[in-house]
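Undergrad:
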Amino acid sequence: MLVLEVAAAIVAGVTIFLIGAAILRHVGAGAPPPAPEGELRPVKLTYRCTICGTEVRMTVAPNDDPEPPRHCQEDMELVAPIE
């Protein structure tokens, strides 16, 4: 019975070590390269409709400086600066 407990402890230890090594490998990989032109890019922009006050937050766009969305048949105004 002792042999099974020791074998189970060794298997558990190796499993924990492999999971930890995989996590550290992912953390140390760094940021991915920027997306090619034409694909969606992360942005953090907030627009407000000047007519009704509706606000929209844009989180992805095809480029870093997207055109404002339309609401109430007018372009919305940017209320958060491009970061």
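Residue numbers for the sequence shown, in this note's numbering: 46 to 128.
Heads up, the beta-carbon is just placed ideally off N, CA and C, and yes, glycines get one too.
Once the 5 residues before and after cysteine 94 are set aside, which same chain residues still bring their CB inside 6 Å of it?
TA: His116, Cys117, Met121
Undergrad: Rounded to whole angstroms, what's the CA-CA distance from proline 79 to arginine 86? Just pull it up for me.
TA: Counting only the Cα atoms, arginine 86 lies some 8 Å from proline 79.
Undergrad: In whole angstroms, what separates the C-alpha of leucine 47 from that of alanine 53?
TA: 10 Å
Undergrad: Using beta-carbon positions only, say whether valine 124 and proline 114 come within less than 9 Å of one another.
TA: no
Undergrad: Nearest CA to the CA of aspartate 109: which residue from Val88, Leu69, Ile96?
TA: Val88
Undergrad: Consult DSSP for threonine 99 and reduce its assignment to one of helix, strand or coil.
TA: coil
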